[in-house]
Each structure stands twice: as structure tokens, then as C-alpha cells.
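Line by line, the protein sequences are chains A and B.
When the letters of the first sequence are read in order and numbered with my numbering, they come out as residues -5 to 201.
When the letters of the second sequence are read in order and numbered with my numbering, they come out as residues 3 to 375.
All C-beta atoms, glycine included, are put in the ideal place defined by N, C-alpha and C.
Taking it in order: structure first as C-alpha cells, then the write-up.
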Amino acid sequence: MYNIWILTVQHLGLTLAGVGLAILIGVPIGYLITGNRWVAQLVMGFTDMMQTIPALALLALLMLWMGLGDTPLVVALLMYSLLPIVRNSYVGIMGIDGALIEAAKGMGMTRWQLLRMVQLPIALPVIMSGVRVATVTAIGIAAIGVLIGAGGLGAPIWRGMQQMNTAMILSGAVPAALLAVASDAGLSKLEQAITPRGFRNIASQNT
Amino acid sequence: MVIFKAVSKHYNGHIAVKNLNLNVKEGEFVTLIGPSGCGKTTTLKMVNRLVEPTEGDILINGRNIRDTDPVALRRQIGYVIQQIGLFPHMTVEENITVVPTLLEWPATKRRARGHELLDMAGMDPVIYANRYPSELSGGQQQRIGVLRALAADPPLILMDEPFGALDPISREVLQDELKSLQKRLHKTIIFVTHDMDEALKLADRVVVMREGEVIQEATPEELLRKPADDFVASFVGKSRRNDSKLLIVEQVMQPNPVTVLPSVGLAQCLTLMKRKRVDTVLVVDEEGVLIGGVSIETLDREHQRAYRIGEIADHNLVTVLNSTPAKDAFDLMVGDQLKYLPVVDEHRHLRGLVTRTSMVNAMASVVWGDEND
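This is the structure in C-alpha cells:
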């Protein structure tokens, strides 16, 4: 029989790996493309396109290239998570009032200080809501990772379907659903917590 | 202190500033003024290198700013903008001490400086230091904007229409505070505005610009006495007229009120009132001399008894002379609860009508300026 606890932890681990890498790559991309509208369109068009590829097809393609196991699944999750994270980083930073940027520059902030002290803190709630969307999507997609030999809660679901074993299906499906609901709630709490007090009204208007 | 030497700025063929020469002395309050697009803001932004001049040099304390790193330069110059630009995620204290933070002052010194500045502006640090900008009024926000520019005690401060977006009362208060602050702290201030009253009130020297060029450079007194040309004269004049104390009734009244002759019949008068959508008409004779007034209530009450308007007109109307100060007329209307006030000349010829609407319009033009300015 499957140990659901271990599978749940595995499932969460795979999701976090994919989304975590997407944050590491996506936020810098979202920031860098704010410099050029044309490049921004191009990059977001590309990440958009990646989202339209059916998950199963993407997994199959990645499997051909990287073989079986957790690696192609994490890469697939990374690719799916990029769009909401890149887009929200871009939108969050572009949405900052130009007067703040001018004031910051006029007071002698370097580009890095501007990013760290002004742009990131103000855009953070918007970026976080992108991360939340990405995480919930990734938990769903991770469940089909079983088809390319990855771990996670997909295994009891898939096996249960083959054996017409409802209890086995539920033993995977219910924890996966709970995981999605719980991470959505947790991340939305986190989103509120990192929104500074003075900014709360304004942030909720922008998202 | 700040010397502009033959400075020009071109943007793809468009000339924003043309061969500007200006010498701002230490401790001097200089305002740059002109209509929008005259190059005053560009001139200001060239001082802290937010805009780079196309030609010419700017020297601060004898040193060419091209040879100073822009970031280091800006930290030595205070900067206040119209949109205020307080950081919404930082407390008031954090906002004030941004430049000290960039200069890596120790935390205790920063805090002390923040509180000192709040005290100076009459804002109790205990109450305000930990508030967020969104919790302050517009006037308080810009007060913090000014304190932020003063935080690292820069000798030079650039201000780009800092009070332009404030309500008239806050604006007056902040202007007064700024003026006394500047005297006390002996700062050099370059201040951009399009409001001549503000320029005349604050400046030691006013620099009037138009289409990228300096038209006149003078003390407020000289500017008022000897404007260099018609452009300056009209610019100064317009602002002078824009003053409620000087407005006279003639300027605020409605010039063509609805009138009838005393011989007009009641039914005819009623039709006229309906067509013109008024509830009162003034009765004048053939010479245009005011005889009285008739309100719709009178008309309604008397229509059984009378035939001609002349019979029912109220002859005891309160009137004002056309040269009366508008303020006195308004006081009269408010004080006596009048709905309208006919305006006559010395010979009792009807000139116009002051209504509550004209009062509101006149106040609006004083408060917000004329729409077509």
C-alpha cells in the first residue's frame, strides 16, 4: 500500500522545487523586461505560449529529452509557473507610480537601491499573487507526473484508476485537493502579511 | 553657488532650453516661472542630472557637475516634486530619512534627525513618526516631502512645483513655512512654479522663462514695477487680478438678466420666464432704468388681481452699484438672505444681476484660477 504522508511530502516538494525555480528565474526576468516594452511583449508571448501546451504533451516531450523521473516533472512545473510569475513581476513593477521612481532617483538611489528599497517592496504583493496562482496550478499538474515516473500523489490515483479501486483513487486525490486548497489559503495569508500597513489599501486596489 | 553657462537642451530637434545663463547665489531663493513647456522643469532637472544638458556647463560651488557622479551629486541636493512621491510602504520617519539611509548614517543618528525635523515642522514625532503617508493629509504629506529634502542638510534644494497640487489653504501655509525655513536655515533654493503669486511671495529673484529662454530676471519688486515686455506684464497682471479683494461686482455679475417692461401682461411674462427658465424677472422702463422685480410666487399670488407687471413689481429691491467690491455684494447677499442682487450704475440703469451662482463661480475662479489660464 502507499504511504500517503510520504507521497504528500514528495508532491509538495516537487511543486516547491518547480515554483521555487520559477521564482528565481521569473522575478529577475519580469524586472529586466520592464526596461523595454518590445522585449516584454516578446518574453510574455513566449511564456504565454508555454502555458498553452497541454501538460501531458509537455511532460512527454521533456521525458524524451531528459528521461524518466522527477527532473522532467520539475522542469515542466517550472515552465508552467513562469507565466504568472513573470507577468505579475512585470505588472507589479511597471504599475509603480512614476513619481516614486523620480523621487527615488532624485534623492540619489542607485538602480539596485531603487529595486531593493522601492520597486520590490511595492511590487511584492502583486508578485506573491502570481506565485499563489502558480503554486495551485503546479499542485494539479504534479499529479500527472506519475506517467513519466515521478513521485507524488499521482501514483495512487493512477493505480486506483487502473484497478477500479475508488478508495485508492481517493487516497491520492483528496490529499492533492487539500494540498491545493491549503497552499492557496496559506499563500494568501502570506501575501497579506508581507503587504506593509501603509500600503494595504493601495495594494488591494491594484490587484 | 549654481552657475548655468550657456546651457541648452534639445530633444530630437525640439529645443527645451536655449542658451541659458544664470547665476544663483548662496542662500538665494530663485523661482523659475513661465507657462507650461517653457523649459523651467528641464532647467531644474539638469541641476541634479536627471536631465543631461545638450550643450553648456553647470557648476555647483565652482565644480562642473559633469565631473561628479550623478548618484553622489543627488545625495547632496534636496529634491521635492509636485506629486510628492512619498514611499507608501515606509513610515513617515523612514521616508524622511531616506537620504541619510543612503549615506549610511547610523540608525540612532537617523532617528534623531527624523524627530528633529518633525519637531521643526510642528508635527509631534510621537504621533507622526510611525504613521504611513496614506494616513496623512495632502498638506502634511508635502510637509514630509520638504523635510525629506532637508534630511541630510543639503545646502541646495530643488523644488518642482511642490505646492501645485495642494488646496489653497495648505499651499499658503506651506509657502509661509518654507519662506521662514529658508531664512532660518539659509538654504539656496531653486523653485519652479507657474503661479506668479507664489513666485512673487517666495522669491528673492524671479526668472521668467518662455520657450526655453529667460525673458526677465528680477526681484519681485522690479518685476511688478518694470516688466520687461508685454508677455511678462500680462503674466504678472493676470496673477494680480486673480484676487478676490480686487474683484468688483461688474466682473462677477451675469450681464444680461431677463427683463420685462412694466406694460407687459402677466401671462406673457409667465411664458417668458418659462422659456428662459428663471424664477424672477427684473422690470425696467424703456430707458433701461430698474423699476423693480417680480418673482414667480408674486406672479402666482396676484394673477387674479392684476393685468400688468408694473402693478405687482416689488419696488423695494436691494441693489448694488456696479463698482462695489464683489466681496461686499456677497456679504450683503449672505447676510440678508437675498436670492439675487440687481446691479445698477449711478443713474439706476440696470447693468446685470448677481446670483448665488455668480458667487460660486467667482469663488471658484479665485480658488482654482480661471479655467482658461
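Taking a 10 Å sphere around the C-beta of A/Thr129, we find 16 or more other C-beta atoms and assign the residue as buried. Counting C-beta atoms within 10 angstroms of its own C-beta, B/Thr359 has fewer than 16 neighbours from the protein chains shown and is therefore classed as exposed. Against chain B, the beta carbon of A/Arg191 has neighbours under 7 Å at Tyr134, listed in chain order. If you ignore the 5 residues before and after B/Lys42, its C-beta comes within less than 6 Å of the C-beta of Leu34, Gly36, Val194 and Met211, all in its own chain and listed in chain order.
Against chain B, the CB of A/Glu96 has a partner CB under 8 Å away; the residue lies at that interface.
The beta-carbon of A/Gln113 is placed no less than 8 Å from the nearest beta-carbon of chain B. Take B/Gln84, set aside five residues on each side of it, and the residues of its chain with a beta-carbon closer than 7 Å to its own are Asp162, Glu163, Pro164, Gly166 and Ala167, in chain order. B/Thr99 sits buried, since 16 or more C-beta atoms from the chains shown fall within 10 Å of its C-beta. Among the CB atoms of chain B, none fall inside 8 Å of the CB of A/Thr160.
Residue contact check for A/Met122 against chain B: no CB pair falls below 8 Å. With a contact defined as Cβ atoms closer than 8 Å, B/Leu61 and B/Lys7 qualify at about 7 Å. Buried is the label assigned to A/Thr41, since at least 16 other Cβ atoms lie within 10 Å of its Cβ. With a 10 Å radius around the Cβ and a threshold of 16 neighbouring Cβ atoms, B/Lys111 comes out exposed. At least one C-beta of chain A is nearer than 8 Å to the C-beta of B/Gln85.
Within the same chain, and ignoring the five residues on either side of B/Asn63 in sequence, the residues whose Cβ sits closer than 7 Å to its Cβ are Met3.
Bounds of any beta strand (DSSP E) do not take in B/Arg68, whose DSSP letter is neither H nor E. Counted as a single uninterrupted DSSP element, the beta strand (DSSP E) harbouring B/Glu57 occupies residues Glu57 to Ile62.
The DSSP-derived three-state label of B/Arg279 is coil. Listed by position along chain A, the residues whose Cβ is nearer than 8 Å to that of B/Arg77 are Met101 and Gly102. Leaving aside the five residues that flank B/Gly214 on each side, the residues in its chain whose CB is nearer than 6 Å to its CB run, in chain order, Ile17, Ala18, Val19, Lys20 and Gly41.
Scanning its chain for C-beta atoms nearer than 7 Å, with the 5 sequence neighbours on each side dropped, one finds around A/Ile17 the residues Ile79 and Val125, in chain order. The residue from B/Glu30, B/Arg65 and B/Arg113 with its alpha-carbon nearest to that of B/Pro127 is B/Arg113. B/His16 carries a strand assignment under DSSP once its states are collapsed to helix, strand and coil. Counting along the chain, B/Gln144 sits inside no beta strand (DSSP E); it lies in the alpha helix (DSSP H) bounded by residues Gly140 to Leu152.
In the structure shown, the three-state DSSP call for B/Lys11 is strand. Pairing B/Gly80 with B/Ala151 gives a Cβ-Cβ distance under 8 Å. Setting aside the 5 residues that flank it on each side, B/Val254 is surrounded in the same chain by Ala328, Ser360 and Ala364, each with a C-beta closer than 6 Å to its C-beta; the list follows chain order. In the DSSP assignment, B/Glu223 falls within the alpha helix (DSSP H) that extends over Pro222 to Arg227. The beta carbon of A/Gly134 sits closer than 8 Å to those of Ala170 and Ala174, all from its chain and outside the five residues before and after it, given in chain order. In its chain, beyond the 5 residues on either side, Pro66 and Val69 have a beta carbon closer than 8 Å to the beta carbon of A/Met60. At a cut-off of 8 Å between beta-carbon atoms, A/Ala117 makes no contact with chain B.
With respect to B/Leu204, B/Lys228 sits apart: the two C-beta atoms are not nearer than 8 Å. For the segment 30 to 51 of chain B, the beta-carbon criterion of a distance under 7 Å to any beta-carbon of chain A is satisfied by Asn50. Annotation for A/Gln4: Gly145 and Gly146 place their beta carbon closer than 7 Å to its own, counting only its chain and skipping 5 residues before and after.
Going by C-alpha positions, A/Pro119 is about 32 Å away from A/Gly148.
Nearest in C-alpha terms to A/Thr9, of all of A/Gly86, A/Thr189, A/Ser177 and A/Asp91, is A/Ser177.
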